[in-house]
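In the working numbering, the protein residues as written are 399 to 532. All C-beta atoms in this analysis are idealised placements derived from N, C-alpha and C, irrespective of residue type, glycine included. Nothing here was measured: the structure is a model prediction, and the numbers come from that model.
Shown next, in the form of structure tokens:
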């Protein structure tokens, strides 16, 4: 009778552990899912906000492990551009980060705000302005 109880307890423990592994997306023989943890956006407007001029958009993405993740660039009240691939690598202090940079040529006046997002997740940057007058 004791062996039967031990067998039932072992089966119950195995089932419980499988349920916990599923809850954390940890499956036997597979790796942890790549998850974005934060995203930031920086935009450098043309010097003195005068156009034509050059600007730069840079997004920084942090993830739970190295890998490639897609981001979208969103204009407030307007278009969505992308997806753009960002490859993250493990760096100093265990931080896993990657960046995407786009050079901008501003030929027309602009007063807009942009943010970057990871589609299908709640991860998004703050709105960042891009201003230039012609």
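query = Secondary structure at residue 512, three-state DSSP: helix, strand or coil?
reply = strand
query = DSSP three-state call for residue 447: helix, strand or coil?
reply = helix
message = Mapping the DSSP letters down to three states, classify residue 492 as helix, strand or coil.
response = helix
request  = Select from 509, 435 and 443 the residue whose C-alpha is nearest the C-alpha of residue 474.
outcome  = Closest in alpha carbon position to residue 474, among 509, 435 and 443, is 509.
ask   = Hey, out of 431, 457 and 446, whose CA is closest to residue 532's CA?
value = Of the listed residues, the one whose Cα sits closest to residue 532 is 446.
message = Using 8 angstroms as the threshold, is the C-beta distance between residue 486 and residue 520 below it?
response = no
message = Using CA atoms only, rank isn't needed, just tell me which of 530, 527, 529 and 517 is closest to residue 437.
response = Looking from the CA of residue 437, the closest CA among 530, 527, 529 and 517 belongs to 517.
query = Can you give the beta carbon distance from residue 506 to residue 449, rounded, assuming they're within the 8 angstroms contact cut?
reply = 7 angstroms
message = With a threshold of 8 angstroms on Cβ separation, who are the neighbours of residue 497 within its own chain once the five nearest residues in sequence on each side are excluded?
response = 456, 457, 458, 459 and 484
ask   = Should residue 442 go down as buried or exposed, given a rule of 16 or more other Cβ atoms within 10 Å for buried?
value = exposed
query = For residue 530, which residues of its own chain have a beta-carbon under 7 angstroms away from its beta-carbon, when the five flanking residues on both sides are left out?
reply = When the five nearest sequence neighbours on each side are left out, the beta carbons in the same chain lying within less than 7 angstroms of the beta carbon of residue 530 are those of 443, 444, 447, 448, 449, 451, 504, 507 and 508, in order along the chain.
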